[in-house]
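When you line the sequence shown up against my numbering, it's residues 4 to 273, in that order.
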Amino acid sequence: SYYGMLHAFYRKSLIIRHPEMNLSTAENFLQMLKGEAYTPLEATILDLALVLHAEHGGGNNSTFTTRVVSSSGTDTYSAIAAAIGSLKGSLHGGANLKVMDMMDHLKENIRDWNDDEEISAYLLKMLKGEAFDHSGKIYGMGHAVYTLSDPRAVLLKEKARDLAAEKNRTDEYRLYENIERLVPKVFEQHKGAGAKLISPNVDFFSGFVYDCIRIPREIYTPLFAAARIAGWCAHRLEEITFSSKRIIRPAYKNVCPRTAYVPLNQRKDS
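In structure tokens:
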């Protein structure tokens, strides 16, 4: 589909490589994307990334979307399409793209990647909403569930170190490590004593890994979907085989302040 997009939108050559039975899923992905120009380490780390992204419980946004939509009695195609719509969001499947944009920005604006003081000062500017996208966020850091560490990030970081060495990008990898080490201190400095613990999530390192493998950024989120569809399907099967067959319908409470009702004939254009 990626080469189809390049051909249709940019008139590039249409390259279609077929999967080979003797290759793993990760090897076939790389073979169809790049031909035979991939290393064993690239295949190993991509295989790990696919496994780490395949399932993450029923509470993550896209999987919960799958369960909610499936509970309505709709078909599999509609349920998975809804999950993909959720995954597209920058706070979910598109998070590693935000990390890559952020890291591009940091690499351009930090002169010495090993200067803790310079890095910390710029991270603090980001937390104050004075740099990068002015959101006050440091992407790839923190998780809704994990506090001490994201085990997926721990595993991916270990392999990312080896991959960085193979690709002569160790200096860049050290910048990631420096940011990982300094963010908790900067976060506490910004939020004050008692600030929650913060650590990197899987998105912090996954974009760097994909970039080292030379996977185009347009494929990052589709690659996430290709892995997570295993989890989506498992949760859908569980949902549609419940004996109760009940639709998921959470209660909703509006916490906005009450506003006085103004009759239509008394309203004025603001």
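Just so it is clear, CB atoms sit at the ideal spot from N, CA and C, and this is done for glycine as well.
Under the three-state reduction of DSSP, M144 is assigned to strand. From the listed residues H59, D272, P253 and Y179, the smallest Cα separation to S123 is found for Y179.
By the C-beta criterion, the stretch 7–16 is judged not to be in contact with the stretch 160–176, since fewer than 3 inter-stretch pairs fall below 8 Å. Checking the DSSP bridge columns, you'll see P253 has no partner listed. The Cβ-Cβ distance between A29 and L55 does not fall below 7 Å. Here the stretch 108–128 lies against the stretch 186–194, with 3 or more beta-carbon pairs under 8 Å apart. When C-beta atoms of the stretch 242–251 are compared with those of the stretch 65–85, three or more pairs fall below 8 Å, so the two segments count as touching. For P203, DSSP records a beta bridge to M144. The DSSP-derived three-state label of I18 is coil. Burial is judged here by how many other beta carbons sit within 10 angstroms of a residue's own beta carbon; N117 has fewer than 16 and is exposed.
DSSP places H193 in the uninterrupted alpha helix (DSSP H) bounded by T173 to K194.
By the criterion of a C-beta distance shorter than 6 Å, A233 is surrounded in its chain by A57, once the five residues flanking it on both sides are discounted. Taking 7 Å as the cut-off, the Cβ atoms of D206 and G143 count as close.
Scanning its chain for C-beta atoms nearer than 6 Å, with the 5 sequence neighbours on each side dropped, one finds around G210 the residues N99, V102 and M103, in chain order. A198 sits in coil when the DSSP states are folded into three classes, being neither helix nor strand. A254 and T262 have their C-alpha atoms some 22 Å from each other.
The alpha carbon of A237 has as its nearest neighbour, out of A40, T66, G38 and Y5, the alpha carbon of T66. Closest option to K37, judged by alpha-carbon separation, among G61, N63, G132 and Y5: Y5. If you ignore the 5 residues before and after I113, its C-beta comes within less than 7 Å of the C-beta of E121, I122 and Y125, all in its own chain and listed in chain order. Ranking L53, R20, E133 and L26 by CA distance to the CA of Y213 puts L53 first. Counting other Cβ atoms within 10 Å of its Cβ, K194 stays below 16 and is therefore classed as exposed. Between the alpha carbons of R20 and I218 lies a gap of roughly 16 Å.
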